[in-house]
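Chemist: Take a look at the following structure, please.
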């Protein structure tokens, strides 16, 4: 006997990642009972975002303009392109303040189990972006997960024959990390990729 | 450099209970990237519910009509009124199939820490409902938490002088429960409230 409008709201909330029927019900009740103002803002924000938010034609991240601010900035180094999986990863890279080049956001990763292959990921668009004549190095900053690694391998195989320099962010012991708490795979890799110490 | 529409959506999603900045961001990206149809449905459902969902004038639960279906039903026993904290609790009671009376939904509980006293809870409305001349027994089915107990005590003190029968749902070992796994407070209470066995 839940009113149909409430029923539809509960159902609709389930499209959010990680939200099951119980949470959706709790959220719907909360919105209707405790936060109608927030609910109004939420409803309007979703519909507005759907209308306004598109993808940057150059880097594929979310943008409200055809070319996002970062891609349009004359201050960024046009010769380096950093490939990341998500906009969040791009933000993480930016927070390092150690990178001045441009980005390409895959908006996903190759993941055969989820039916995402090179085509679904739109790697042709990345290819076209890289071949603009300015890019000299592509830095692969996909995650060090199986899918991220597979994606990096695929992109490497795709770009190498075109004469583009392809690099991968380093893997190793985290800064501030103690060996005791680093997993053995990371440690083994850090050992294999050891570097000569400066004198 | 997150687009403003997306920023507003992330901010708006934070009004959902239990959703922090990271989850809100993940949800917003999910809606924009993977489920625009779901996002549209969500936005519309929220706005529609805001418009359509009100409170039943008699039992205070969510309803799209002035009087909800249950209160309007001639099949329900008008002489018993079960007081619960939330619509979910009402649904739980209904699922027992053991109750044929009507309900009153507090939409909360007395909780001084959250600034919810008898007035904020609208107990005058409950009082007015109980004094309709038909109700003979009020069953208090608020939770057996501190707040639920306080609420039950307050309502009892409020209704008793009016000559209304007030009862409280029983407390004890859950059906199917094993003593080994029941907390000692519950067990002590079950002992204190022991009943004579039928011959």
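Protein chains in written order, with our numbering: chain P, 199 to 397; chain C, 199 to 397. Even for Gly, the Cβ is constructed at its ideal location relative to N, Cα and C.
#1: Return the CA-CA distance between residue 295/C and residue 282/C, expressed in angstroms with no decimal places.
#2: Who are the neighbours of residue 225/P on chain C, taking C-beta pairs under 9 Å?
#3: What distance in whole Å lies between the Cβ atoms of residue 301/C and residue 327/C, which are believed to be in contact at a cut-off of 8 Å?
#4: Just verifying my parser: in three-state terms, what is the DSSP assignment at residue 271/P?
#5: Put residue 335/C into one of helix, strand or coil per three-state DSSP.
#6: Going along chain P in order, which residues have a C-beta closer than 9 Å to the C-beta of residue 234/C?
#7: In the DSSP assignment, find the unbroken beta strand (DSSP E) run with residue 343/P in it and report its ends.
#8: Under 7 Å between beta-carbons, which chain C residues line up against residue 231/P? List them in chain order, please.
#9: Cα separation between residue 212/C and residue 384/P?
#10: For residue 203/P, which of helix, strand or coil comes out of DSSP?
#11: State the Cα-Cα distance for the pair residue 312/C and residue 289/P, rounded to the nearest angstrom.
#12: Would you check if the segment 234-249 of chain P and the segment 202-211 of chain C touch, i.e. whether three or more CB-CB distances between them fall below 8 Å?
#13: Who does residue 299/C pair with in a DSSP beta bridge?
#14: Looking only at its own chain, which residues have a Cβ that is under 7 Å from the Cβ of residue 387/C, when we skip the five neighbours before and after it?
#15: Do you know offhand how far residue 190/P's Cα is from residue 241/P's?
#16: With C-beta atoms as the reference, is residue 285/P less than 8 Å away from residue 314/P?
#17: Can at least three beta-carbon pairs, one atom from the segment 270-281 of chain P and one from the segment 210-229 of chain C, be found at a separation below 8 Å?
#18: What in chain C is Cβ-close to residue 363/P, meaning under 9 Å?
#19: Assess contact between the segment 346-354 of chain P and the segment 371-380 of chain P, defined as three or more Cβ pairs (one per stretch) separated by less than 8 Å. Is contact present?
#20: Our contact map puts residue 280/C next to residue 339/C with C-beta atoms below 8 Å; I'd like the distance itself, whole angstroms only.
#21: Taking residue 316/P as the query, report the chain C residues whose CB atoms sit under 9 Å from its CB, ordered along the chain.
#22: If you follow the alpha helix (DSSP H) that residue 384/P is in, where does it begin and where does it stop?
#23: Locate the alpha helix (DSSP H) running through residue 328/C, then write down its first and last residues.
#24: Cα-Cα, which of 244/P, 262/P and 243/P is closest to residue 252/P?
#25: Which whole-angstrom value describes the C-beta separation of residue 307/C and residue 346/C, a residue pair presumed to lie in contact below a C-beta threshold of 8 Å?
#26: If we cut at 8 Å on Cβ distances, does residue 238/C have a partner in chain P?
#27: Once you ignore the five residues that flank residue 237/C on each side, which residues in its own chain have a CB closer than 6 Å to its CB?
#28: Which ranges does the beta strand (DSSP E) cover as unbroken runs of at least 3 residues, wholly within the segment 212-254 of chain P, from first to last along the chain?
#29: Between residue 294/P and chain C, is the shortest Cβ-Cβ distance under 8 Å, so that the two count as touching?
#30: For a test of the three-state rule: what should DSSP assign to residue 354/C, helix, strand or coil?
Modeler: Working from what's here:
#1: Stepping through the second chain from its first residue, residue 295/C is reached at position 97. Stepping through the second chain from its first residue, residue 282/C is reached at position 84. If I take the Cα positions, the gap works out to 16 Å.
#2: As a first step, residue 225/P must be located in the first chain, where it is residue number 27. In chain order: 214, 215, 216 and 217.
#3: As a first step, residue 327/C must be located in the second chain, where it is residue number 129. As a first step, residue 301/C must be located in the second chain, where it is residue number 103. Not quite, the Cβ-Cβ distance comes to about 10 Å (not below 8 Å), so this is no contact.
#4: Taking the first residue of the first chain as 1, we reach residue 271/P at position 73. Of the three classes helix, strand and coil, the one that applies to residue 271/P here is coil, per DSSP.
#5: Taking the first residue of the second chain as 1, we reach residue 335/C at position 137. DSSP places residue 335/C within a strand segment (E or B) once states are collapsed to three.
#6: The residue given as residue 234/C occupies position 36 in the second chain. Result: 248.
#7: Residue 343/P sits at position 145 when you count from the first residue of the first chain. First-last for residue 343/P: undefined, no H or E at that position.
#8: The count along the first chain starts at 1 and reaches residue 231/P at position 33. Correct list: 305.
#9: By 1-based counting over the second chain, the position of residue 212/C is 14. By 1-based counting over the first chain, the position of residue 384/P is 186. Residue 384/P has its alpha-carbon roughly 35 Å from the corresponding atom of residue 212/C.
#10: Taking the first residue of the first chain as 1, we reach residue 203/P at position 5. In the three-state DSSP reduction, residue 203/P falls in the helix class (H, G or I).
#11: Looking up residue 312/C in the second chain gives position 114. Looking up residue 289/P in the first chain gives position 91. If you take the alpha carbons of residue 312/C and residue 289/P, they lie about 37 Å apart.
#12: yes
#13: Along the second chain, one-based indexing puts residue 299/C at 101. Answer is 275/C, bridged to residue 299/C.
#14: By one-based count along the second chain, residue 387/C stands at place 189. 369 and 370, listed in sequence order.
#15: Examination of residue 190/P is not possible in this model, given that chain P is present from 199 through 397 alone.
#16: Locating residue 285/P in the first chain gives position 87, counting from the first residue. Locating residue 314/P in the first chain gives position 116, counting from the first residue. The Cβ-Cβ distance between residue 285/P and residue 314/P does not fall below 8 Å.
#17: no
#18: For the purposes of this step, residue 363/P is taken as the residue at position 165 of the first chain. Chain C residues near residue 363/P: none, gap ~26 Å exceeds 9 Å.
#19: no
#20: What you label residue 280/C is simply residue 82 of the second chain in a count that begins at 1. What you label residue 339/C is simply residue 141 of the second chain in a count that begins at 1. Confirmed, Cβ separation roughly 5 Å.
#21: Locating residue 316/P in the first chain gives position 118, counting from the first residue. Going along chain C, no residue has its Cβ under 9 Å from residue 316/P, so there is no contact; the nearest lies around 18 Å.
#22: As a first step, residue 384/P must be located in the first chain, where it is residue number 186. Segment 382-390, the alpha helix (DSSP H) holding residue 384/P.
#23: By 1-based counting over the second chain, the position of residue 328/C is 130. Note, residue 328/C: alpha helix (DSSP H), 321-328.
#24: Within the first chain, the letter at position 54 stands for residue 252/P. For residue 252/P, the nearest C-alpha among the options comes from 262/P.
#25: Counted from its first residue, the second chain places residue 307/C at position 109. Counted from its first residue, the second chain places residue 346/C at position 148. Right, the Cβ-Cβ distance comes to about 6 Å (below 8 Å), so this counts as a contact.
#26: Numbered from its first residue, the second chain carries residue 238/C at position 40. Among the CB atoms of chain P, one or more fall inside 8 Å of the CB of residue 238/C.
#27: For the purposes of this step, residue 237/C is taken as the residue at position 39 of the second chain. Same-chain partners within the cutoff: 229.
#28: Correct list: empty.
#29: Residue mapping note: residue 294/P aligns to position 96 of the first chain, counting from 1. Closer than 8 Å: no.
#30: Here residue 354/C is taken as the residue at index 156 of the second chain, counted from 1. In this structure, residue 354/C counts as helix in the three-state DSSP scheme.
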